[in-house]
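Novice: Below is one structure. I have some questions about it.
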Amino acid sequence: MCDFVEGQTIELKEAFQLFDRTGDDKILYSHSGDVMRALVQNPTNAEVLKVLVSPKSNEINAMVLDFEHFLPMLQTVAKNKDRGIYKDYVEGLHVFDKEGNSTVMSAFIQHVLITLGEKMTEEEVEMLVVGYKDSNSCINYEELVWMVLND
């Protein structure tokens, strides 16, 4: 298990409390993924549901979680090292690089991010790719992957 030291635990609790909307030191289950992401973890929605022990859809916005129960869940997510590396993502996108110049059409990236896997909104995708489109509406996927993994 990935154990946090006391100083880290204090910082984690402070961040947790920022998501406490009622002042009772608890957060909704539905906010737990957001808290984990705010704490520099990047769990998928499926990973969050797994550590929450797969609550029913009507429970996720009603059930609450205190910090003492949240911390072991965060530790579980933090120890998950199966994230893929830069090379993995670049190899996956290289398949769609028809010109062999490390670029793909912006529309393709946007379509994939909006429709597949953990779907993003159009606004989220636009924020992600802004500044990465060239004059031909292509995106250098190596730069984009580097930015996503190191941001």
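Residue 100 in this note's numbering sits at position 100 of the sequence shown, with consecutive numbering throughout. Even glycine gets a Cβ: it sits at the ideal position worked out from N, Cα and C.
1) Within 10 angstroms of the Cβ of Met-1, are there 16 or more other Cβ atoms? Answer buried if so, exposed if not.
2) Let me know if Thr-9 comes out buried or exposed under the rule of 16 or more other beta-carbons within 10 Å of its beta-carbon.
3) Which residues in the same chain have their Cβ closer than 7 Å to the Cβ of Gly-46, if we skip the five residues on either side of it in sequence?
4) At what residue ranges does the segment 94-128 contain a whole run of the beta strand (DSSP E), taking only runs of 3 or more?
5) My parser needs the beta strand (DSSP E) runs of 3 or more residues fully inside the segment 39-69; what are they?
6) 9 Å is my cut-off, CB to CB: does Glu-14 come that close to chain C?
7) Relative to the C-alpha of Gln-75, which residue among Phe-19, Arg-37, Ser-30 and Lys-56 is closest?
8) Figure out for me which residue from Glu-122, Met-105 and Thr-121 has the closest Cα to the Cα of Tyr-132.
Specialist: In short:
1) If you number the sequence shown from 1, residue 1 lands on position 1. At Met-1, the pLDDT of 41 sits below 50, so the modelled position is not reliable; the number obtained from the coordinates is stated separately. Exposed, because fewer than 16 other Cβ atoms sit within 10 Å of the Cβ of Met-1.
2) Taking the first residue of the sequence shown as 1, we reach residue 9 at position 9. Exposed, because fewer than 16 other Cβ atoms sit within 10 Å of the Cβ of Thr-9.
3) As a working mapping, residue 46 is identified with position 46 in the sequence shown. Here residue 46 is Ala; the residue named in the question, Gly, does not match the sequence. For Ala-46, where only same-chain residues beyond five positions count, there are no Cβ hits under 7 Å.
4) 103-105
5) Within the segment 39-69, the complete beta strand (DSSP E) runs of at least 3 residues are 64-66.
6) The chain inventory of the structure shown lacks chain C, comprising one protein chain alone.
7) Numbered from 1 along the sequence shown, position 75 holds the residue referred to as residue 75. Among Phe-19, Arg-37, Ser-30 and Lys-56, the Cα nearest to that of Gln-75 is on Arg-37.
8) Translated into positions along the sequence shown, residue 132 becomes position 132. Selected option, being the one with the closest Cα: Met-105.
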